[in-house]
Every structure is written in C-alpha cells, then in structure tokens.
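Scroll down for the structure; my scribbles are underneath it.
Numbering (our numbering), first residue to last: 63 to 439.
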C-alpha cells in the first residue's frame, strides 16, 4: 500500500512538475508566441592611420588595438539609455512602439509609455552585441516581432551610432587644434594691428613709401647748402671790389641771411634721429626723423608679427594634420537587410528544452525529498 501511494505521489508530482508545465510551454510556443525576426549587421570604428597599416599587413597588430577603445564605446552605447533617447530626439523614432504593437504576444508586449529606464532593460534583452578584438569588427543582432520593424530598428541604431562616432571625432579634432587656432588668431590680430598702423602713417603723411621722405628732405638740404655756399662765394668776390656798405653788398648779405635761416629751418625739420616719435604730443607737427623712427618701429614690429603668424600657422597645420591622423569614421561591413523568415521561437526545440529543464527540476526535488526523508527516519 505504501509502495502504491509512493508511486501515485511520484506520478502526480511528475505530472504537475514536468508534463503539465512542458505542455503549457509547448502550447505557448506553438499557438501564442509571436515570431521573432533577427537582423545582423557588422560595423567597425576605423581611423585614417589604420588604412596605411593595413597596406603593410599590420592592422591586426596595431589597428585593432588603436580602435578598440572607440569600438567598445559604441558597443556600450548601442545598449544604453542614451541611444534610446538619441533615436527619439534625432530621428523622431520611439523604439517602444515596435514592441507594443498588437501582433506582439502578451509575454513580450510592453506598454507604449513604459519609462525609458525600465525599457532599457527590455531593450538589452532584444539586442546582442559582440566585439572581435582581432578584427576590430562589432557584430550587432536586433530582435523584433516584424521583419520591417527589425530592419527599421537596425537602420536607426546604425544612424545614431555613426553620428556618435562623428561627434567624438570632431570633438577630438577641436581639442587638438583649439590651442593652435587661438595662437593663430592672436598672431593674426597682432599682424593686422601693425599693418593698420603702417597704413594710417602712410595716409597721414600722404605717401606710399615713407623712406622717400628722407631722400627728398636730404636733397632739399643739400640744395640749400649749395645755394648758401654760392652766395658766400659771390659775397667774397664782391667785397674785393666794393665796400660792405654798398647796396649790392647789403642785398647779397640779406640773401645769405635768408639762405642760412632756410637751411637752419630745414635742419631743424630733419631733427635728431635719436628722438622717439611716440613722445610727440598729439597735434604737433613731427619732423622727418620722428616719422622715420615711427615707420622703422612699425616695420620691425611687422617683421616680428609676420614671423609669429607664420610660426603659429605652421603649428596649426601640424596640429590639424595630427588630428586628421586620429580621425575616426564609422564603417558598416554588413548592412542590415530585411529578414525573410522568423528564426524564433524554435517551437519543437524550445518545448524540448523546457521539458528537460522541468524534468531536471523534478528529479532534483525527488532526490532532495528522499534524502530528507531518509535522514529523518
């Protein structure tokens, strides 16, 4: 009788723990579970320097390790809350709508207004990402309940992922060139101010070449000196024949005095070359030396400013070239295509696996029950 009861209890437990649950799973997989479609896509984050390595067969040694950091970033981004928000903000697509349709069975269907933080956990179950450190390629699987929806989701994920890589590359380029760009701006501003100073000086003095002022004034001084010398020579010759009080001698003396005054005024106009023009008061007429001093200062400053600008521009071009070497781009090797058939659920296989799981649980429970009973006796 005890044996009969024991067999009856064993049969009942087997029925309740194995057959009925397995039958429920089989019924669900066969009649209720919505077909799940899978889209596969492969992409990689490459750099401009990596292509040159590939030509020498070195991409496997250096290229993958250089780009692996960015690839891991993209792989993490694909299953993140940020991607869900970016798809919604950049593309106007709410990923939740694909998993809240009426064709999705009740076990997988979500609410259309499910909080994004909670939907992120669901999203991670519907995506699969793997990174191959040898090739540097990232493989992405997207699962959904419609062939068109699965393809649309994969396309959206690739678009925002590509934008992420482009934004990271642009940010890196700006960080590498911002200091050099500021130096170029400062050098350019310095050179522009010097050129404006030279232009203002030329406009004020009404001449294109300031150096011609010195030549003109020197010629005028030489002419006055020659004229004064001729007058003195004529006076010496005249005094040998007439007295100094004669009308002709007095007239010649007045001409000599006028010539001396003109020569002295001209020499005063030339001024002292050591005078610094920047100490001249506003509104005062500066002499030639002051003008030339100012022009010389501006010319020297222009030379330094030009050299500084050339150096800054070369540094900027070097930084830009280095940034271009580290530029990243998003390359899709296997584009997502619309699936023809649903891969999941595998109805017979999934039912059989469920049967094995329930059977293992039942056998374990039987073992524990009998062990406990034997020790209790």
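Just so you know, even glycine gets a beta-carbon here, dropped at the ideal spot from N, CA and C.
For residue 360 and residue 303, the rounded distance between their alpha carbons = 58 Å
Could you give the distance in angstroms between the alpha-carbon of residue 416 and the alpha-carbon of residue 78?
-> Cα to Cα, the separation comes out at about 14 Å.
Would you decide whether residue 141 is buried or exposed? Buried here means 16 or more other CB atoms lie within 10 Å of its CB.
-> buried
Can you tell me which of 208, 169, 75, 220 puts its alpha carbon nearest to the alpha carbon of residue 393?
-> Closest by alpha carbon: 220.
Hey, how far is the Cα of residue 83 from the Cα of residue 216?
-> 35 Å
What do you reckon, are the CB atoms on residue 193 and residue 182 nearer than 8 Å?
-> Against a cut-off of 8 Å, the Cβ pair of residue 182 and residue 193 comes out as no contact.
Nearest to residue 98 by CA position, among 176, 206, 402, is which residue?
-> 206
DSSP puts residue 199 in a beta bridge; with which residues?
-> 106
Any chance the CB of residue 381 is under 7 Å from a heavy atom of the ligand MN?
-> The model depicted lacks the ligand MN and carries no ligand whatsoever.
Three-state secondary structure (DSSP) of residue 400 = Coil.
C-alpha distance - residue 371 paired with residue 384, whole-angstrom precision | Spanning the two alpha carbons is a distance of roughly 20 Å.
Exposure label - residue 266; buried when at least 16 CB within 10 Å = Counting other Cβ atoms within 10 Å of its Cβ, residue 266 stays below 16 and is therefore classed as exposed.
Should the segment 228 to 241 be called in touch with the segment 139 to 153, which here means at least 3 C-beta pairs below 8 Å?
-> no
Would you identify the three-state DSSP class for residue 358, choosing helix, strand or coil?
-> In the three-state reduction of the DSSP assignment, residue 358 falls in the helix class, which pools H, G and I.
Roughly how many angstroms separate the alpha carbons of residue 198 and residue 163, rounded to a whole number?
-> In a straight line, the C-alpha of residue 198 is about 36 Å away from that of residue 163.
Please determine, among 418, 246, 76, 132, the residue with the shortest C-alpha to C-alpha distance to residue 381.
-> Comparing C-alpha distances from residue 381 to each of 418, 246, 76, 132 shows the shortest one belongs to 246.
What is the DSSP secondary structure of residue 392, reduced to helix, strand or coil?
-> Note: residue 392 maps to strand in three-state DSSP.
Chain-order list of residues whose beta-carbon lies under 6 Å from that of residue 95 (same chain, five-residue window excluded) = 167, 407
Member of 399, 100, 135 whose CA lies at the smallest distance from the CA of residue 230 = 135
Have a look at 429, 367, 106 and flag the residue whose alpha-carbon is nearest the alpha-carbon of residue 249.
-> The shortest Cα separation from residue 249 among 429, 367, 106 belongs to 367.
Contacting residues, own chain, Cβ-Cβ under 7 Å from residue 322 (five flanking each side not counted) | 290
Who does residue 192 pair with in a DSSP beta bridge?
-> 201
Residue 61 versus residue 213: straight-line alpha-carbon distance, rounded | Because residue 61 is not part of the residues shown, which for the chain are 63 to 439, the question remains open.
What is the DSSP secondary structure of residue 214, counted as helix, strand or coil?
-> DSSP, read as helix, strand or coil, puts residue 214 in helix.
Does the Cβ of residue 427 have 16 or more other Cβ atoms within 10 Å, making it buried, or fewer, making it exposed?
-> exposed
Coarse secondary structure for residue 184, derived from DSSP in three states | helix
Per DSSP, what kind of secondary structure is residue 101 in: helix, strand or coil?
-> strand
Using the Cα positions of residue 127 and residue 172, report the straight-line distance between them to the nearest angstrom.
-> Note that residue 127 scores a pLDDT of 48, beneath 50, so its modelled location is shaky and nothing firm can be said.
Just the C-alpha distance for residue 203 and residue 405, rounded to the nearest angstrom, thanks.
-> 12 Å
Measuring alpha carbon to alpha carbon, tell me which of 165, 188, 102, 422 ends up nearest residue 399.
-> The shortest C-alpha separation from residue 399 is found at 102.
8 Å Cβ cutoff met for residue 364 and residue 256 | yes
Are residue 107 and residue 390 touching if we call contact CB-CB under 8 Å?
-> yes
Contacting residues, own chain, Cβ-Cβ under 6 Å from residue 317 (five flanking each side not counted) | 293
Enclosing alpha helix (DSSP H) for residue 151 [first to last residue] | It spans 143 to 153 - the alpha helix (DSSP H) in which residue 151 sits, taken as one unbroken run.
Which residues mark the beginning and the end of the alpha helix (DSSP H) in which residue 89 is found?
-> 82 to 89
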